[in-house]
Amino acid sequence: MMIPSRLPPVPATGARAWLRDNLFSSTANSIASVVTLVLVAWLGINLFSWMFFDATWQQIWNNLKLFAVYRYPVELLWRPLAIIGMVMFLLGVSSGITPSGETNITRGVFWSFSGLVFLLTVLALLSWESVRLGWVMVSLACLAGYTLGREKPIVAKALPWLWGASLPLGFVLLYGVPGDAGNILRVVETREWGGFMLTLIISVVGITVSFPLGIALALGRRSKLPAIKYFCIGFIEIIRGAPLISWLFIASLLVPLLFNVSPDRIGPLLRALVAVTLFSSAYMAENVRGGLQAVPRGQREAAQALGLSGWQTLKMIVLPQALKAVIPAIVGQSIGLFKDTSLVFIVGLFDFFNIANTVVANQPESLLVTGGIRLELSLFVAVIYFFFAYRMSIASRQLEKTLGVGER
Amino acid sequence: MSEATMSHIVRADAPEGGEKIIEVDSLNKWFGEFHVLKDINMSVNRGEVVVVIGPSGSGKSTLIRCVNRLEEHQEGKVTVDGIELTDDMRNIDMIRRETGMVFQSFNLFPHLTVLENITLAPIRVRKWKKSEAEERAHYFLGKVGIPEQANKYPGQLSGGQQQRVAIARALTMGPKVMLFDEPTSALDPEVIGEVLEVMVTLAKEGMTMMVVTHEMGFAREVGDRVIFMDSGQIVEVGSPEHFFSNPTEERTKSFLSKIL
Numbered sequence: 001m002m003i004p005s006r007l008p009p010v011p012a013t014g015a016r017a018w019l020r021d022n023l024f025s026s027t028a029n030s031i032a033s034v035v036t037l038v039l040v041a042w043l044g045i046n047l048f049s050w051m052f053f054d055a056t057w058q059q060i061w062n063n064l065k066l067f068a069v070y071r072y073p074v075e076l077l078w079r080p081l082a083i084i085g086m087v088m089f090l091l092g093v094s095s096g097i098t099p100s101g102e103t104n105i106t107r108g109v110f111w112s113f114s115g116l117v118f119l120l121t122v123l124a125l126l127s128w129e130s131v132r133l134g135w136v137m138v139s140l141a142c143l144a145g146y147t148l149g150r151e152k153p154i155v156a157k158a159l160p161w162l163w164g165a166s167l168p169l170g171f172v173l174l175y176g177v178p179g180d181a182g183n184i185l186r187v188v189e190t191r192e193w194g195g196f197m198l199t200l201i202i203s204v205v206g207i208t209v210s211f212p213l214g215i216a217l218a219l220g221r222r223s224k225l226p227a228i229k230y231f232c233i234g235f236i237e238i239i240r241g242a243p244l245i246s247w248l249f250i251a252s253l254l255v256p257l258l259f260n261v262s263p264d265r266i267g268p269l270l271r272a273l274v275a276v277t278l279f280s281s282a283y284m285a286e287n288v289r290g291g292l293q294a295v296p297r298g299q300r301e302a303a304q305a306l307g308l309s310g311w312q313t314l315k316m317i318v319l320p321q322a323l324k325a326v327i328p329a330i331v332g333q334s335i336g337l338f339k340d341t342s343l344v345f346i347v348g349l350f351d352f353f354n355i356a357n358t359v360v361a362n363q364p365e366s367l368l369v370t371g372g373i374r375l376e377l378s379l380f381v382a383v384i385y386f387f388f389a390y391r392m393s394i395a396s397r398q399l400e401k402t403l404g405v406g407e408r
Numbered sequence: 409m410s411e412a413t414m415s416h417i418v419r420a421d422a423p424e425g426g427e428k429i430i431e432v433d434s435l436n437k438w439f440g441e442f443h444v445l446k447d448i449n450m451s452v453n454r455g456e457v458v459v460v461i462g463p464s465g466s467g468k469s470t471l472i473r474c475v476n477r478l479e480e481h482q483e484g485k486v487t488v489d490g491i492e493l494t495d496d497m498r499n500i501d502m503i504r505r506e507t508g509m510v511f512q513s514f515n516l517f518p519h520l521t522v523l524e525n526i527t528l529a530p531i532r533v534r535k536w537k538k539s540e541a542e543e544r545a546h547y548f549l550g551k552v553g554i555p556e557q558a559n560k561y562p563g564q565l566s567g568g569q570q571q572r573v574a575i576a577r578a579l580t581m582g583p584k585v586m587l588f589d590e591p592t593s594a595l596d597p598e599v600i601g602e603v604l605e606v607m608v609t610l611a612k613e614g615m616t617m618m619v620v621t622h623e624m625g626f627a628r629e630v631g632d633r634v635i636f637m638d639s640g641q642i643v644e645v646g647s648p649e650h651f652f653s654n655p656t657e658e659r660t661k662s663f664l665s666k667i668l
C-alpha cells in the first residue's frame with residue numbers, strides 16, 4: 001500500500017509572522033530585539049544630528065584635490081584622469097561583451113564605479129573648473145567602452161593584451177617622459193604623488209605583482225629541489241615574521257645600500273612598492289599553498305595518466321582548482337593590503353589616510369583644541385575606504401558563486 | 409604451508425605465441441621501509457584481459473600503478489609496448505599516452521565540463537584539432553551510453569555516469585592498453601552494473617585490459633587470466649574457472665571464501 005504524497009503545511013507569511021518568528025520568538029529574543037533597536041536608534045539619531053548640525057565638512061571640500069592626488073600639478077591632472085578613463089573604458093568593454101542575463105562580476109564592478117564616475121562628473125561640472133573636461137571625458141569613456149563591448153564582442157580577444165598594456169602605459173602617463181621640460185608629458189617626480197591616487201597605485205601594483213610572485217613561492221616551497229625549497233621557505237617565513245612597518249623601514253634603508261646607489265636615486269615610492277609587494281607575496285604564497293593542498297592527489301595523477309606534462313598539469317588542472325579554493329583568502333588579503341598602504345608614511349609618502357593628518361595639522365589653533373575636524377576627516381576617510389573594500393568583498397562573493405557551478 | 413612454498417616465486421607469464429605488451433620482470437618496490445611489491449614477474453599479451461585480485465594492502469593497486477609510472481619502482485624492469493620505464497621523462501610520457509587509466513575515485517576534473525575533460529588530453533597531448541577531438545569524444549560518450557551529458561560538469565552526474573565519463577576520457581586517447589584500478593569500488597551497488605557492462609563490451613571488442621577488481625562476475629565473464637596477490641607477492645595464477653572450481657593455495661581459498 002503506497003502512502004500518497006501530501007503538500008507541506010503552509011507557513012504563515014507576512015510582516016507580522018516574520019517579526020514573530022525572527023525577532024519575538026521567545027522572551028529572551030524579544031528583550032534582545034528591543035534593546036538592540038533602542039541602541040541602534042539612539043546611535044543613529046546622535047550620528048545624524050551631529051552630521052547635519054554640528055560637523056564642519058568645509059575643510060574636506062576645500063582639500064579634495066589634496067585627498068585625491070596630493071601635490072600632483074593641477075595643469076597635469078588630465079593624466080591621472082586619462083588613466084581612470086582608460087581603466088573604465090577597458091572595464092566597460094569587459095562587462096559589455098558578456099551577454100546580458102548571465103551573472104557577471106565585471107559588470108557589477110563596472111556599474112558601481114561608473115556610478116561614482118558620473119557623480120564626480122556632476123560635481124566637476126558644478127564646481128571643479130580644472131578637471132571639468134577631464135571628468136566628462138572619463139564618463140564618455142565608460143559609456144564608449146560598454147557600447148563597444150556590446151556592439152563588437154570580437155574585441156574580447158584583444159582584452160588580455162590591452163589590460164596587460166594598461167599597467168605600464170598608466171605608469172608612463174603618470175610619471176611622464178624624461179627630457180624636454182615644459183612638455184605636456186613632462187616628468188612628475190613620485191614625491192609629488194599622493195592621496196587616494198597613491199593608495200590605489202600601491203594596492204594595485206602590490207596585488208598584481210605579488211599574485212604571480214606568491215604562486216611561484218608556493219610552488220617553490222613544494223619543489224623537490226632543496227635549494228629552491230629552502231630559499232622559498234626562508235623567504236616566506238622571514239617576511240611573515242616581522243610586521244609590514246618594519247619592512248618599510250628596512251626597505252627605505254636597505255634598498256639603497258644593496259643596490260649601492262644614493263638614497264635620492266631610488267624614490268620613496270619604489271622602496272615602498274618593493275616592501276609592500278614582497279610582504280604581500282609571502283602571504284599570498286601561504287594562501288596559494290593552502291589551495292594547492294586542497295587539490296586531491298588523484299587530480300594530478302589523472303592528468304599525468306593522460307600524458308599531460310608537469311607544466312600542463314599545473315596550469316590546466318592543479319592551479320585553477322587551487323586558486324578557486326582560496327579566492328576568499330586572496331580577496332581578504334587584497335582588502336588588507338589596500339588598507340595597510342596607510343603605513344607608507346613611514347617612508348615619507350602621503351597616501352590617502354595621511355592626507356587627513358596633514359589637513360588637521362594645518363588647521364587654525366582654535367579648531368585643534370576643540371577636537372577640531374579630525375572626526376569629520378576620519379569619517380570621510382573611513383567611508384571611502386569602506387566603499388572600495390566592500391565592493392571587493394561583494395565581487396569576491398559573486399566570483400565564488402559563479403565559479404562554484406557544477407562543483408562536487 | 410611450509411617455508412619453501414612461502415618463498416617460492418610464482419610467475420604470471422602470458423601464454424606463449426602472443427605479442428607481449430606489458431612485461432614486468434623481478435619488480436620490487438618499497439614505501440619507505442615497507443616492502444610492498446616482492447619479486448613480481450608477469451606479462452600481458454595484446455588483446456588479453458588480466459584480472460588482479462587480492463585483499464586490501466596486498467599491493468595490487470601499487471602494481472597496476474607501476475605500469476604507467478604513477479608509482480616509481482626501485483628494482484626490476486617494467487616494459488610497456490617495447491619501451492622500458494626509466495627515469496627518462498620522454499619514455500614515461502610515451503607510455504602514458506598509450507595506456508589509459510581508470511581510477512577508483514574517477515578523478516574527473518571538476519572545473520571542466522564532461523566534454524572538456526575528455527578532449528583536454530587529445531588536444532594538448534595528441535595535438536588533434538578541437539573539432540576532431542570533440543567528434544571522437546562524442547563517439548565514445550555514446551559508446552559508454554551517456555551522449556547527452558557532454559556539457560554538464562562532473563559534479564552534476566551520478567557516480568556511475570562519472571566513471572563512464574572517465575572510461576570515455578581514457579578511450580578517446582586511443583590507448584593500446586587500459587588499466588582499471590578498482591573501477592567499481594566507490595560506486596553504489598545499483599550502478600556497478602552499468603560500468604561493468606561498458607568494461608565487458610570493451611573486453612569483447614579485444615581491448616587489452618589489466619583490471620584490479622573484486623567483481624568476480626566480471627572476471628568469470630571476460631577474464632582470460634586471474635592473478636591472486638597477497639602481501640606484495642603473486643600467490644596464484646590461473647584461468648577464472650580454475651579459481652572458482654579448485655584454487656590450490658590456502659590463502660586463495662580463504663580470500664575467495666570471504667568475498668564470494
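Chains as they are written, first to last, in this note's numbering: chain D, 1 to 408; chain U, 409 to 668. Yeah, the Cβ is synthetic: ideal placement off N, Cα and C, and Gly gets one too.
Sequence-distant Cβ neighbours of Q570/U in its own chain, meaning closer than 8 Å and more than five residues away, are F514, L516 and P562. Between the alpha carbons of T147/D and A325/D lies a gap of roughly 34 Å.
By the rule that beta-carbons nearer than 8 Å mark a contact, G298/D touches chain U.
Close partners of S513/U in chain D (Cβ separation under 7 Å): G298. Residue-level contact check: A576/U does not touch chain D, since none of the beta carbons of chain D fall below 8 Å from its beta carbon. Its chain contains F89, G92 and V93 as the residues whose beta carbon lies nearer than 6 Å to that of G145/D, once the 5 sequence neighbours on both sides are disregarded; these appear in chain order.
Apart from sequence neighbours up to five positions away, the residues of its chain that approach R300/D with a beta-carbon distance below 8 Å are T313, I317 and V318, ordered along the chain. Interface criterion not met: the Cβ of L610/U is under 8 Å from no Cβ in chain D.
Shown here is that no member of the stretch 601-630 of chain U has a Cβ falling below 7 Å from a Cβ of chain D. From the listed residues G568/U, A594/U, P583/U and G425/U, the smallest Cα separation to G601/U is found for G568/U. Cβ-Cβ distances below 6 Å link P648/U to A627, R628, G631 and V634 in the same chain, with the five nearest sequence neighbours on each side left out; the list follows chain order. For E506/U, the secondary structure class from DSSP, reduced to helix, strand or coil, is helix. For the pair G307/D and V619/U, the Cα-to-Cα distance works out to about 20 Å.
Within a 10 Å sphere around the beta-carbon of P655/U sit 16 or more other beta-carbons, which makes this residue buried.
Interface annotation, G92/D: not in contact with chain U, CB-CB separation never under 8 Å. By the Cβ rule, the stretch 264-283 of chain D counts as touching the stretch 239-247 of chain D, because three or more pairs are nearer than 8 Å. Put simply, the backbone Cα of F353/D is about 6 Å away from that of S342/D.
Between the alpha carbons of V87/D and S166/D lies a distance of about 7 Å.
Judged by DSSP in its simplified three-state form, V155/D adopts helix. Within chain U, not a single residue places a beta-carbon under 9 Å from that of I327/D; the smallest gap is close to 13 Å.
When C-alpha distances from M637/U are compared across D489/U, E441/U, I429/U and T470/U, the shortest belongs to T470/U.
E543/U has its alpha-carbon roughly 17 Å from the corresponding atom of V533/U. Residues of chain D whose Cβ lies closer than 7 Å to the Cβ of A529/U are, in chain order, L306, G307 and L308. When A41/D, Q363/D, L76/D and F231/D are compared, the shortest CA-CA separation from N183/D is found for L76/D.
Setting aside the 5 residues that flank it on each side, F338/D is surrounded in the same chain by S203, F388 and A389, each with a C-beta closer than 7 Å to its C-beta; the list follows chain order.
Judged by DSSP in its simplified three-state form, L225/D adopts coil rather than helix or strand.
Contact note: V533/U reaches chain D through L306, G307, L308, S309 and Q312, using a C-beta cutoff of 9 Å and chain order. When the five nearest sequence neighbours on each side are left out, the beta carbons in the same chain lying within less than 6 Å of the beta carbon of R477/U are those of L493 and I500, in order along the chain. Identification of chain U residues near K401/D by a Cβ-Cβ cut-off of 9 Å yields none; the smallest Cβ-Cβ distance measures about 15 Å.
Around the C-beta of T36/D, fewer than 16 other C-beta atoms lie within 10 Å, and the residue is accordingly described as exposed.
Taking every protein chain shown into account, the CB of M581/U has 16 or more other CB atoms within 10 angstroms, so this residue is buried. Contact annotation: in the stretch 334-365 of chain D, no residue has its CB less than 7 Å from a CB in chain U. Between L269/D and L349/D, the CB-CB gap stays under 8 Å. V552/U is not a Cβ neighbour of I526/U, given a cutoff of 8 Å. The continuous stretches of alpha helix (DSSP H) do not include T190/D, and DSSP gives it neither H nor E.
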